[in-house]
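Notes for the one structure printed next.
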Amino acid sequence: MKKTFFTLLFFTSFIFSTTLLGSSLNKIEYLQKGDEKYWCPISGLSLKENYKTSLSSTLNNGRKRQYASLTCLAKDNEEYGIDLDNIEAVDYNSLKRVNAKKAFFVVGSKIKAKISKTSKLAFEKEEDAKKFIKQNGGKLMSFDEAFDLAKKSLKDDFKKLKTVNKKKIYPKGKKIFEKRCSKDIDPTDYLEINELKADIQKNNLCKKLKESQLQTVALYLWDVKRFGDLGEVKNRVVVEEHEKCPVCGMFVAKYPRWAAQIIYSHGNHEHKFSFDGVKDLMKFYFDPKRWINADSHLINKSNIKEVKVTDYYSQEAIDGKKAYYVIGSDVYGPMGHELIPFKNLSDAKTFKADHSGKVIIEFSKLKEEDIYKLDE
1 MKKTFFTLLF FTSFIFSTTL LGSSLNKIEY LQKGDEKYWC PISGLSLKEN YKTSLSSTLN
61 NGRKRQYASL TCLAKDNEEY GIDLDNIEAV DYNSLKRVNA KKAFFVVGSK IKAKISKTSK
121 LAFEKEEDAK KFIKQNGGKL MSFDEAFDLA KKSLKDDFKK LKTVNKKKIY PKGKKIFEKR
181 CSKDIDPTDY LEINELKADI QKNNLCKKLK ESQLQTVALY LWDVKRFGDL GEVKNRVVVE
241 EHEKCPVCGM FVAKYPRWAA QIIYSHGNHE HKFSFDGVKD LMKFYFDPKR WINADSHLIN
301 KSNIKEVKVT DYYSQEAIDG KKAYYVIGSD VYGPMGHELI PFKNLSDAKT FKADHSGKVI
361 IEFSKLKEED IYKLDE
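Numbering (full-length UniProt numbering), first residue to last: 1 to 376.
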């Protein structure tokens, strides 16, 4: 995980977010870790090319995030939850990182945005913001006001982007992929679009691409092929776009490789809960009342009709109570360390050997304390 986030976007070069020249390049700071640090984890856009509109924060688990725009930050907050007291923006003039809560934002100037309908530009000094407004128009806002506007416009912004991407971006991305890229690229192997872009570039999975071409093919792989390939799996865990994990709050459909479900049944009624990994499913399984306001006599183990998890290799839905789980491997899910499920014990043994797994365990032998140890 659903609202597929149709990360964008037009590659017509808008003046405000384009190439930063000369000494300005030395002012760029990359705050994320790994080879993916050069791109926004939400949109996949180059942070260098969009540094003037970039912001940074941390997820609730402490992981540093850097965004191409306030809209991307708002989307990450919606899906993951970020530390709203620890947000930095980039001063539009000096490229200096500043406290976003103390910054002055110019919203709706003649400077065009790449994702949302209106650009949102930060200034450290109020006089600089007002001077900019005189030349370029726009309205002066506080961070909270600009952030609220970004949150409210998310649905409409991405609805329009979906239409644009379908008509212009995805067809171009498909052509680039088919002509210039390895057919072995599996977009479901990555948790974020910036990880996908980093791997393509680092391991030469495509013939040399310009940044705009890399973004185009990454969007096609991330928004289309990632789900299109799964459509070929006949029996998979089906998750609706709007479904959120009751444990972590993330949109589950964004992570189809990790989808899991518990279905409770009483009388003629069924209650389905979807999760972005077995770890969160098990947290819910052991103590559902901790995560939802539920009638204890309805949502409990005795009323479980079915537990579905996604086999790591086949991507098919399998019986979670009969599956074999590998714990302690070097493969991470959306929420970090995970229980990796397999239908067959032989597959679990192969995976354990290939990925430094520590133990293989059956569903009936899992204990609640073992689940929470995965977060340590």
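Think of the CB as a built atom: it goes at the ideal place given N, C-alpha and C, for glycine as much as any other residue.
Model, not experiment: these values are computed from the prediction.
Distance between beta carbons of residue j and residue i, contact taken as under 8 Å
| i | j | result |
| --- | --- | --- |
| residue 399 | Pro256 | Missing from the structure shown is residue 399; the chain here goes from 1 to 376 and no further. |
| Ile360 | Lys352 | 6 Å |
| Phe363 | Lys321 | 5 Å |
| His355 | Asp330 | 5 Å |
| Ala68 | Thr53 | 7 Å |
| Ile299 | His271 | 7 Å |
| Ala122 | Ala150 | About 12 Å separates the two Cβ atoms, so there is no contact after all. |
| Glu88 | Leu140 | No, Glu88 and Leu140 are not in contact; Cβ-Cβ is about 20 Å, not under 8 Å. |
| Ile115 | Thr163 | With 8 Å as the limit, Ile115 and Thr163 do not qualify as a contact, their Cβ atoms being about 14 Å apart. |
| Tyr264 | Lys305 | 6 Å |
| Lys27 | Leu95 | 4 Å |
Best match in the options for proximity to residue i [C-alpha to C-alpha]
| i | options | result |
| --- | --- | --- |
| Lys367 | Ala253, Lys279 and Ile115 | Lys279 |
| Tyr38 | Thr58, Asn60, Arg65 and Phe147 | Arg65 |
| Tyr51 | Ala113, Ala74 and Asn61 | Ala113 |
| Met282 | His269, Lys301 and Tyr67 | Lys301 |
| Val238 | His269, Gln261 and Lys152 | Gln261 |
| Ile371 | Lys349, Phe143, His337 and Thr350 | His337 |
| Cys248 | Leu59, Ile42 and Pro41 | Leu59 |
| Asn61 | Glu78, Cys72, Cys40 and Asp83 | Asp83 |
| Gly44 | Val107, Asp76 and Asp347 | Asp76 |
| Gly328 | Gly357, Ile304, Glu243 and Lys349 | Gly357 |
| Glu178 | Ile263, Lys96 and Cys206 | Cys206 |
| Tyr92 | Glu124, Glu78, Tyr80 and Asp85 | Glu124 |
| Lys152 | Lys117, Lys289, Ser182 and Lys305 | Lys117 |
Contacts around residue i, its chain only, beta-carbon distance under 7 Å, and the 5 residues preceding and following it disregarded
| i | result |
| --- | --- |
| Pro334 | Leu191, Met250, Tyr255, Trp258, Asp276 and Gly277 |
| Lys110 | Asn136 and Gly137 |
| Lys365 | none |
| Arg97 | Glu29, Glu88 and Val90 |
Residue(s) in a DSSP beta bridge with residue i
| i | result |
| --- | --- |
| Tyr332 | His337 |
| Leu59 | Ile82 |
| Thr310 | Ala317 |
| Tyr324 | Phe342 and Glu362 |
| Ala122 | Phe105 |
| Phe273 | Ile262 |
| Ala89 | Leu55 and Val98 |
| Leu209 | Note: Leu209 sits in no beta bridge, so no partner. |
| Leu140 | Val106 |
| Lys162 | According to DSSP, which records beta bridges pairwise, Lys162 is partnered with nothing at all. |
| Lys244 | Phe251 |
| Ile115 | Answer is none; Ile115 lacks a bridge partner. |
Spatial neighbours of residue i in its chain, beta-carbon cut-off 6 Å, leaving aside the 5 residues before and after
| i | result |
| --- | --- |
| Leu221 | Pro187 |
| Ala317 | Asn235, Arg236, Val237 and Lys308 |
| Phe132 | Val106 |
| Glu243 | Val252 and Ser274 |
| Gly81 | Asn60 |
| Lys120 | Leu70, Phe105, Val107 and Ala146 |
| Ile292 | Pro246 |
Own chain, CB closer than 8 Å to residue i, minus 5 neighbours either side, in chain order
| i | result |
| --- | --- |
| Glu211 | Ser46 and Glu49 |
| Asn33 | Reading off the sequence shown, one finds Lys at residue 33, where the question assumed Asn. So the qualifying residues of the chain are Lys64. |
| Ala100 | Leu55, Ile87, Glu88, Ala89, Ala122 and Phe143 |
Q | the stretch 338 to 349 / the stretch 304 to 315 touching (three or more Cβ pairs under 8 Å) | A | yes
Q: Assess, as a yes-or-no matter, whether the stretch 159 to 173 is touched by the stretch 215 to 225 under the definition of 3 or more beta carbon pairs within less than 8 Å.
A: yes
**Q.** the stretch 152 to 170 / the stretch 123 to 134 touching (three or more Cβ pairs under 8 Å)
**A.** no
Q: Evaluate the contact criterion for the stretch 183 to 190 versus the stretch 220 to 228: three or more CB pairs, one atom per stretch, below 8 Å.
A: yes
Q: For the stretch 148 to 160 and the stretch 197 to 204, state whether three or more C-beta atom pairs, one from each stretch, are separated by less than 8 Å.
A: no
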